[in-house]
Amino acid sequence: MSAPIAVLGAGAWGTALANLAARRGTRVLLWARNADHVAEMKRARENVRRLPGVRLADAVEPTADLRRVREAQCVLAVMPAQSLRDVLRAAKADLREDADLVLCAKGIERGTHAFLSDVVAAEAPHARAAVLSGPSFAADVAANLPTAVTLAARDLETAERLGRTLDAPTFRLYRSTDIRGAEIGGAAKNVLAIACGIAAGRGLGASAVAALTARAFAELTRFGRAFGAQPETLLGLSGLGDLVLCCATLQSRNFAFGHAIGAGKSTSEAGGGKLAEGAFTARALVELARMKGVEMPIASVVDRIVAGELGVDAAIDSLLMRPTKSES
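Residue numbers (the working numbering): 2 to 329.
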């Protein structure tokens with residue numbers, strides 16, 4: 002019997018990816034930290050807490066035993082970005098020497114300023130890190146709606162091999178070797194989507210949101226170039242594509258978080274019990290940009306709003322009062 006795929010993290014995205022990986026009958030271990038959550042999924046054959054209405058594929062086995070990661074050669078890391086290091090520390094003794102670790106979370110670690118592939122290098126250096134990123138909502142993937150994303154690995158051969166585990170007619174994987182570019186796009190767009198949500202929630206109009214999205218992409222591009230991302234990656238699915246998706250709809254948790262803030266809710270109320278990764282990444286993104294001398298006024302404003310250092314109206318004024326200059 003072939004080795005199963007392990008999915009670490011039973012949120013909506015982890016559940017959707019587990020079902021996707023199991024579509025050909027491949028065994029999938031869907032790990033959740035909470036034993037009660039696992040028991041519920043086993044009993045209902047559905048992740049009622051995170052992806053209600055979607056039946057778990059027969060080949061998906063929920064588990065709370067992290068040691069079972071030793072059974073898998075391919076591991077999808079789908080826990081929140083800020084939890085990655087702790088989970089890897091707990092799992093690394095059981096990770097196989099030939100394990101492929103596909104990063105499906107999007108963020109930059111607070112405090113250390115580490116990109117997620119660097120967290121893998123530090124905590125599980127024997128694992129081969131790859132990145133899955135792009136414009137994708139869990140509900141769309143679970144409903145088999147057409148979706149296309151980037152899969153970046155250290156070489157195209159590895160990307161092709163990993164791609165075969167997830168490729169489906171409605172889930173297209175475009176291969177890349179630009180791991181850094183793919184993870185920068187995913188992390189930065191979360192922060193910038195909050196800004197667009199704030200503008201929409203404040204009722205600034207579609208024109209303002211469109212302008213903000215365009216200038217947000219300029220910031221993402223400047224940051225990506227400073228950290229060695231390839232231009233085509235930033236212009237592709239994991240960069241521009243993901244930014245466009247998440248800056249235009251309340252289905253995006255980060256946009257919805259910003260929208261609630263723009264409508265007058267506090268940052269503690271705005272999440273509505275759902276994780277907005279951009280709120281945790283903002284400070285790290287801005288500090289990394291500052292270290293490289295990269296100008297990111299929109300991301301900086303988001304960081305200050307999330308930290309409670311700046312009000313929404315003052316933030317809007319600060320952006321509108323910036324001196325005009327060339328668009329390049």
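Cβ atoms here follow ideal geometry from the backbone N, Cα and C, with glycine treated the same way.
Predicted, not measured: the structure shown is a model, and the values here were computed from it.
Once you ignore the five residues that flank Leu173 on each side, which residues in its own chain have a CB closer than 6 Å to its CB? Per the sequence shown, residue 173 should be read as Arg rather than Leu. Taken in chain order, the residues that qualify are Ala149.
With distances taken Cα to Cα, identify the nearest neighbour of Asp101 among Leu286, Ala65, Ser84, Glu158. Glu158
Indicate the three-state DSSP secondary structure (helix, strand or coil) for Phe258 in the structure shown. helix
Comparing the C-beta of Ala217 with each C-beta of chain C, is any distance below 8 Å? Here there is only one protein chain, and chain C is not present.
CA-to-CA distance, Pro136 to Leu246, given in whole angstroms: 6 Å
To the nearest angstrom, how far is it from the Cα of Val88 to the Cα of Asp37? 19 Å
Quick check on the DSSP output: the alpha helix (DSSP H) that includes Val369 runs from which residue to which? As shown, the chain starts at 2 and ends at 329. That puts residue 369 outside it, with no answer to give.
Within 10 angstroms of its Cβ, does Leu167 collect 16 or more other Cβ (buried), or is it exposed? buried
For Phe256, I'd like the list of residues in its chain whose CB is within less than 8 Å of its CB, leaving aside the five on either flank, ordered along the chain. Ala194, Ile195, Cys197, Gly198, Ala201, Cys247, Cys248, Ala249, Thr250
What residue range is occupied by the uninterrupted beta strand (DSSP E) comprising Ala200? Segment 180-202 is the alpha helix (DSSP H) holding Ala200; no beta strand (DSSP E) there.
Stretch pair the segment 257-272 + the segment 296-316: three plus CB contacts closer than 8 Å: yes
In angstroms with no decimal places, state the Cα-to-Cα distance between Ala335 and Leu104. The displayed coordinates of the chain run from 2 to 329. Any statement about residue 335 would go beyond what the structure contains.
If I'm right that Asp314 touches Gln231 with Cβ under 8 Å, what's the distance once you round it to whole angstroms? About 38 Å; that fails the 8 Å criterion.
Would Phe224 and Ala290 be called neighbours here (beta carbons separated by less than 8 Å)? yes
Could you give the first and the last residue of the continuous alpha helix (DSSP H) run that contains Glu62? No alpha helix (DSSP H) contains Glu62, which is instead part of the beta strand (DSSP E) from 61-64.
Proximity to Cys75 [Cα-Cα], best of Ala219, Leu18, Ala283: Leu18
Test item: CB-CB of Ser267 and Gly187 under 8 Å: no
Please state the DSSP three-state secondary structure of Glu72. helix
Test item: CB-CB of Ser177 and Ala153 under 8 Å: yes
Could you give the residue range of the beta strand (DSSP E) that holds Ile6? 6-9
If contacts are defined as beta-carbon pairs under 8 Å, then Gly182 and Leu133 qualify, I think. What distance do you get, rounded to the angstrom? Rounded, the Cβ-Cβ distance is 13 Å, inconsistent with contact.
Would you check if the distance between the CB atom of Glu62 and the CB atom of Leu21 is smaller than 8 Å? no
Which residues DSSP lists as bridging Thr214, in chain order: Bridge partners of Thr214: none, in fact.
Buried versus exposed, by CB contacts within 10 Å (16 or more), Thr222: buried
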